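Heads up: the structure comes next, in structure tokens.
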Amino acid sequence: MDWGALHTILGGVNKHSTSIGKIWLTVLFIFRIMILVVAAERVWGDEQDDFICNTLQPGCKNVCYDHFFPISHIRLWALQLIFVSTPALLVAMHVAYRRHEKKRQFRKGDQKCEYKDIEEIRKQRFRIEGSLWWTYTSSIFFRLVFEAVFMYAFYFMYDGFRMPRLMKCNAWPCPNTVDCFVSRPTEKTVFTIFMIAVSSICILLNVAELCYLLTKFFLKRSKKAGNPKHHPNHENKEETKQNEMNELISDSCQNTVTGFSN
Amino acid sequence: MDWGTLQAVLGGVNKHSTSIGKIWLTVLFIFRIMILVVAAERVWGDEQQDFVCNTLQPGCRNVCYDHFFPISHIRLWALQLIFVSTPALLVAMHVAYRRHEKKRRFRNGEKIDIEELKNEKVHIRGPLWWTYTSSIFFRIVFEAVFMYVFYYMYDGYQMPRLVKCNAWPCPNTVDCFVSRPTEKTTFTIFMLAVSGICMMLNLAELCYLVMKICMKESRKTT
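Listed in order, the protein sequences are those of chains A and B.
The first sequence lines up with residues 1 to 262 when you count with this note's numbering.
The second sequence lines up with residues 1 to 222 when you count with this note's numbering.
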């Protein structure tokens, strides 16, 4: 179970997302998870080994490191990425529930059921409307909350986003005050700022998606209020268009992302 | 999520590229990403461990290393490769949008075979030409920016053997010795050369696309 497995799970949710949702997912995987794995983990790899304190007192380095780095940046980012990715699973669960209901209708031989076979039910992409709209919107809301909470936690824990070169430590058993030097502070500051910037971009994408969904909802309601005898196919075409776009983008993504190990 | 996944994502874009674009992609994967992963990362692997300073002063080595290597070459190359690869995703999104439009026309009753549509090679013309050309332009810009950043940050492309450091807490001036400077210089020059080749391929592709459209325009007028 690693980042690859998370990619597989979220790839499935991709089908039911809006276009902005798909862009968000791409940004998440390429500019956050990939940067974390190929670059940031190396930068923080030697954080404790090369955390040096100007003392011979045994245990002082350990205690000072623990005091200044209660949770490492890398672990905080990993937790942030996991928490931010998982609201999408709510959507996946809702879609699975809907599919189950439709299969049940099909099996009962319901005349209203418009599917020819079970395979068609499995492949169908559901429109984001009704109760699914609420689930989807809540998932975006939770993503926003988690992003903001983690950004605040970073800021609070490390007094800003800059990594200092020197830390003065006087925790027991260090004698008096001891100078401790952090490994690669500039590189760490650069990556911290990069990750914060991408996190903000993701927040903006989520806000945009939320606004898009709300606008769509209100437009629909105003159309219903303004034109009670609307043609049912007109709305369906709009939804179909969105879902076909999603389908095509996800098709091309699925054609490209064939699978991976590790 | 690693270089393999990036390759899978970009492999899909390959279908819609020109021949020069496919050559560029091959050069990117074999001569840059693969070299980075199998060779360069080992060369730079012990860069801080074996950065040795002529002092017993604790903390001096950390501070000097941080002063002379604000961002490691390896990380800069990783960022460069990610930024240079991603404009291709614009093209993928545009192709997906075009396919959607064709499917919509099909559903409206026009006679297009849907299987043929999925396998169709999309021609680079019209708005797709603009998207493709912008993606190549962005690639060139990112390549140039990173090459300049390298030059600026490290005062050239040569890795010195010795750096003289007087940052606090180092006493006076301290001699610090870099690990594997010659090997690092070799790889830096190699990566720079391949970067230059990629830029030339991108420029060639840009010229090819511009010429294609100019020739088309002149055919239309005559």
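Glycine residues also receive a C-beta, built at the ideal position from the N, C-alpha and C atoms.
Computed from a prediction, not measured in an experiment: that's the story for all the values here.
Counting only beta-carbon separations shorter than 8 Å, does residue i have a partner in chain A?
i	result
W3 (chain B)	yes
R105 (chain B)	no
M215 (chain B)	no
L56 (chain B)	no
V84 (chain B)	no
R139 (chain B)	no
N62 (chain B)	yes
S195 (chain B)	no
R42 (chain B)	no
G59 (chain B)	yes
So, under 8 Å CB-CB, residue i and residue j are touching, yes? Tell me the CB distance rounded to an integer number of Å.
i	j	result
P169 (chain B)	G59 (chain B)	5 Å
I52 (chain A)	C180 (chain A)	7 Å
E147 (chain A)	T18 (chain A)	Rounded, the Cβ-Cβ distance is 18 Å, inconsistent with contact.
F142 (chain A)	H16 (chain A)	Wrong, their Cβ atoms sit about 16 Å apart, outside the cutoff.
I140 (chain A)	N206 (chain A)	5 Å
Q57 (chain A)	C174 (chain A)	6 Å
Beta-carbon within less than 8 Å of residue i's beta-carbon, same chain only, minus the 5 sequence neighbours each way: which residues are those?
i	result
Y224 (chain B)	Here chain B comprises residues numbered 1 to 222, so residue 224 (chain B) is not present and cannot be evaluated.
H234 (chain A)	Confidence at H234 (chain A) is low in this model, with a pLDDT of 47, below 50, so its placement is unreliable and the value that follows should be read with caution. Hits under 8 Å: none found.
G12 (chain B)	A92
T185 (chain B)	Y157, Q158 and M159
Tell me which residues share the same chain as residue i and place their Cβ nearer than 7 Å to its Cβ, disregarding the 5 neighbours each side in the sequence.
i	result
C198 (chain B)	W24, V27, L28 and E143
M163 (chain A)	V182, P185, K188, T189 and T192
L10 (chain A)	L25, S85 and A88
T55 (chain B)	C170, P171 and V174
H7 (chain A)	F29
Q48 (chain A)	Y65
H67 (chain A)	C169 and A171
N54 (chain A)	V178 and D179
Answer yes or no: does any C-beta atom of chain B fall closer than 8 Å to that of residue i?
i	result
A171 (chain A)	no
H7 (chain A)	yes
A96 (chain A)	no
G198 (chain A)	The sequence shown places Val at residue 198 (chain A), not Gly. Closer than 8 Å: no.
N176 (chain A)	no
C53 (chain A)	yes
R162 (chain A)	no
L205 (chain A)	no
R184 (chain A)	yes
T26 (chain A)	yes
M34 (chain A)	yes
Is residue i close to chain E? Criterion is C-beta to C-beta, closer than 8 Å.
i	result
G130 (chain A)	The structure shown contains no chain E; its protein chains are A and B.
DSSP on residue i, reduced to helix/strand/coil?
i	result
S252 (chain A)	Interpretation of S252 (chain A) is limited by its pLDDT of 44, a score under 50 that renders its predicted location unreliable; no figure is taken from the coordinates.
F260 (chain A)	Any answer about F260 (chain A) is weak, because its pLDDT of 28 lies below 50 and its placement is not dependable; what the coordinates show is given next. If DSSP states are grouped into helix, strand and coil, F260 (chain A) belongs with coil.
L56 (chain B)	coil
M199 (chain B)	helix
K164 (chain B)	strand
V178 (chain A)	strand
C170 (chain B)	coil
D46 (chain B)	coil
F126 (chain A)	coil
Among the residues of its own chain, which have a CB less than 6 Å from the CB of residue i, if the five just before and after it don't count?
i	result
T188 (chain B)	Y157
Inset, instruction - Could you please tell me which residues of the segment 64 to 93 of chain A, in chain order, have their CB closer than 7 Å to any CB of chain B? - result: none
Inset, instruction - Select from the segment 149 to 172 of chain B all residues with a C-beta closer than 9 Å to any C-beta belonging to chain A, and list them in chain order. - result: A167, W168 and P169
Legend entry - Residues, ordered as in the chain, of the segment 140 to 161 of chain A that lie near chain B by beta-carbon distance below 7 Å: none
Inset, instruction - Please name the residues in the segment 69 to 83 of chain B whose beta-carbon is closer than 8 Å to at least one beta-carbon of chain A, in chain order. - result: F69, P70, I71, S72, I74, R75, A78, L79 and I82
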